[in-house]
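Report on one structure; see the data block that follows.
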Ligand code: NI
């Protein structure tokens, strides 16, 4: 198993729609193990494959630190098939360091996809679990938390990054 580097905004892979997985082979299974380890190492509650540079529709989640009724979950080709209600939630992202913003999310979602064993699965989630599912599915569609805030807020973050780079003496 390996811990990957997590790509940060504005890496172009993060903006791309990831490709569906057509066959769950050893490579996909290893990817899931490595993503799991990378997520735990980074202290995150979710991770999408594109964040480690693999443009495929694979996500992992573990929201148990915030909602202990859930445990580790990996999903392949997940898609939201129904959603309900609205909730405001302050979100961060491992690919957008030092950024927290309150976003509007659906309160409940139903997601369909494949398990790592290739079994079709349908899961219903609410609260932090539903939010994490929406956040990771956004990732595989090339959407970051920064794409869900106003242009002004996005520009402020970009400028902050530029300033930090200048301070570090990077181009
Ligand atoms: Ni994220």
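In my numbering, the protein residues as written are 2 to 172.
C-beta atoms are modelled at their ideal positions from N, C-alpha and C, and glycine is treated no differently.
Taking residue 75 as part of the beta strand (DSSP E), name the residues at either end of that continuous run. 74–85
Which of helix, strand or coil does DSSP assign to residue 57? strand
Cβ-based neighbour list, residue 38, same chain, cut-off 8 angstroms, excluding 5 preceding and 5 following: 2, 3, 4
Between the CA atoms of residue 11 and residue 136 - distance to the nearest angstrom: 17 angstroms
Assign residue 21 to buried or exposed, taking buried as 16 or more other Cβ atoms, counted over all protein chains shown, within 10 Å of its Cβ. exposed
Taking 8 angstroms as the cut-off, is the beta-carbon of residue 1 closer than that to any non-hydrogen atom of the ligand NI? As displayed, the chain neither begins before 2 nor continues past 172, which places residue 1 out of reach and without an answer.
Taking the alpha helix (DSSP H) that residue 29 belongs to, which residues open and close that run? 27–43
Cutoff 6 angstroms; reference residue 16; Cβ partners in own chain excluding five residues on either side: 143
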